[in-house]
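To start, the structure under review is shown below, and the notes come after it.
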Amino acid sequence: MVYRRKKHHKENLHIKKAHRTKRRTKDLDELYRVVDCCWVKPTVFCPKIDADLKEENAIKLINQEVDFDKPGAAQNYCIHCARYFVDQKALHDHFKTKVHKRRLKALEEEPYTVEDSERAAGKGNFVQPKKRKIETIASEEDINKEAKVMKVDDEDE
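Position 155 of the sequence shown, counting from 1, maps to 155 under UniProt numbering, and the rest follow consecutively.
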């Protein structure tokens, strides 16, 4: 009995979907990019300064101007996931999803730096990466009992 030839190789399909850039968000280290160093050296990162997570930058990102090219006219934005949402309900539902919670957990660790790679190569002593407490950011109008408010604590508790 002759079987019909299939038109694609199914083992490569998941790789293609993972590498698509259609809905690509910011990488973890892009959230930590130093604002002052971006135009000089775009690859310089500093774990002490969080560009998007700083309070003044977070307020700018949450209270963006109306842009009709973006979903929800750029009024509902998740800073941690770098995603726009259609309305506030979709944003608050996103705060409860595994995707958002995993992103918060990944952001708790300090980003990998050049100094860390040098220490791993044997040029220095190993320093345990610090954990930080990061919670969800919501705008002032959105704050209710379901939405969490963000606080970044770099201090040891």
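Using N, Cα and C, we set each Cβ at its ideal position, and we do this for glycine too.
Reducing DSSP to helix, strand and coil, say where residue i ends up.
i	result
GLU115	helix
ARG102	helix
GLU55	helix
ALA138	coil
GLY124	coil
HIS19	coil
LYS89	helix
GLU65	coil
Assign residue i to buried or exposed, taking buried as 16 or more other Cβ atoms, counted over all protein chains shown, within 10 Å of its Cβ.
i	result
residue 161	The displayed coordinates of the chain run from 1 to 157. Any statement about residue 161 would go beyond what the structure contains.
ASN76	buried
ARG24	exposed
THR21	exposed
ARG102	exposed
ILE59	exposed
ALA121	exposed
ARG83	buried
I'd like to know whether the C-beta atoms of residue i and residue j end up nearer to each other than 7 Å.
i	j	result
ALA106	LEU53	no
PHE95	THR136	yes
LYS131	GLU108	yes
ILE134	LEU91	no
For residue i, which residues does DSSP report across the bridge?
i	result
CYS78	ARG83
GLU109	LYS131
Output the distance between the C-alpha atoms of residue i and residue j, rounded to the nearest integer angstrom.
i	j	result
ILE79	SER117	27 Å
GLY124	GLN88	48 Å
LYS70	VAL99	21 Å
ASN57	VAL66	17 Å
TYR3	TYR112	51 Å
residue 227	LEU61	Summary: the structure shown does not reach residue 227, with the chain confined to residues 1 through 157, and so no result is reported for it.
GLN128	ASP93	34 Å
THR81	LYS26	Reading the sequence as shown, one finds Cys at residue 81 and not Thr. Looking at the two C-alpha atoms, the distance is approximately 7 Å.
GLU55	GLY72	23 Å
Below 6 Å, is the gap between the Cβ of residue i and the nearest heavy atom of the ligand GDP?
i	result
ASP52	Because no ligand of any kind appears in the structure shown, any question about the ligand GDP cannot be addressed here.
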